[in-house]
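Colleague: Below is one structure. I have some questions about it.
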Amino acid sequence: MTFRIDPATVADAEAIARVHVQGWRESYKDLLNPASLAGLSVEERAAMWKEGLAVRDPGTLALVGRTGEGEAVGFAIGGPTRSEGTVPLGTEAEIYAIYLLDRVKRRGLGRALMAGLFAHFVRRGFASAGLWVLRDNGAARRFYEALGGEAGPEQDLELRGQTVTEIAYRFAPIPVLS
Numbered sequence: 035m036t037f038r039i040d041p042a043t044v045a046d047a048e049a050i051a052r053v054h055v056q057g058w059r060e061s062y063k064d065l066l067n068p069a070s071l072a073g074l075s076v077e078e079r080a081a082m083w084k085e086g087l088a089v090r091d092p093g094t095l096a097l098v099g100r101t102g103e104g105e106a107v108g109f110a111i112g113g114p115t116r117s118e119g120t121v122p123l124g125t126e127a128e129i130y131a132i133y134l135l136d137r138v139k140r141r142g143l144g145r146a147l148m149a150g151l152f153a154h155f156v157r158r159g160f161a162s163a164g165l166w167v168l169r170d171n172g173a174a175r176r177f178y179e180a181l182g183g184e185a186g187p188e189q190d191l192e193l194r195g196q197t198v199t200e201i202a203y204r205f206a207p208i209p210v211l212s
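This is the structure we're talking about:
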């Protein structure tokens, strides 16, 4: 399967929202309460993405991964580190989200999306990048470690009505991925 990576636009909001909701349901099915996952709404996510893609900091980049036929099957977004949470991420740039549908995982799309974000961060002059991932999400953690990420501090987070623990992954220096 071949993929292409495009900068996301407002026109992509609904497709990204579908991937976002399905990606959560697939990735977190064993980690979050089923009722919480069932309550996710493509319509609500689409509205969030339309607003976010319409007004964006120039340091932020959103990418959409598509099949050769143009179907959105993954996305990633990142930019300057946000000051959210109780524990600082400790990096200059942050990957805010990356989600892929299960049927395209382990085929190079996630790596390509991360490569696009990392290249953007380097062009912006950032020396380090990081992200938060659920501590119990072993597959995602192995992916970040394979890219050179190092585990950092943990923090508890209220997520859709339940408390989960997140762990930071940091990339310093930011890797150049091909």
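Residue numbers (this note's numbering): 35 to 212. Where a beta carbon is used, it is the ideal one built from N, C-alpha and C, also for glycine.
Who are Arg204's beta bridge partners in DSSP?
Modeller: Paired residue(s): Gly164, Glu184.
Colleague: Name the residue from Lys84, Val89, Arg145, Gly86 whose alpha carbon lies nearest to the alpha carbon of Gly108.
Modeller: Per the Cα distances, Arg145.
Colleague: DSSP state of Ala106, grouped into three classes?
Modeller: If DSSP states are grouped into helix, strand and coil, Ala106 belongs with the strands.
Colleague: Report the partner residues of Leu193 according to the DSSP bridge assignment.
Modeller: According to DSSP, Leu193 bridges with Gln196.
Colleague: Going by DSSP in three states, Val98 sits in which element: helix, strand or coil?
Modeller: Residue state, collapsed to three classes: strand.
Colleague: Can you give the Cα-Cα distance for Pro187 and Phe205, rounded to whole angstroms?
Modeller: Going from the Cα of Pro187 to the Cα of Phe205 covers about 14 Å.
Colleague: Strictly by DSSP, which residues pair up with Asp170?
Modeller: DSSP, once it has assigned bridges, lists no residue as partnering Asp170.
Colleague: Name, in chain order, the residues that DSSP records as bridge partners for Pro68.
Modeller: In the DSSP output, where bridge partners are listed per residue, Pro68 has none listed.
Colleague: Using C-beta distances below 8 Å, list every residue in its chain close to Asn171, excluding the 5 sequence neighbours before and after it, in chain order.
Modeller: For Asn171, where only same-chain residues beyond five positions count, the Cβ hits under 8 Å are Ser61, Tyr62, Leu65.
Colleague: Should Arg176 be labelled buried (16 or more other beta-carbon atoms within 10 Å of its own) or exposed?
Modeller: Classification of Arg176: exposed, given that the 10 Å Cβ count is below 16.
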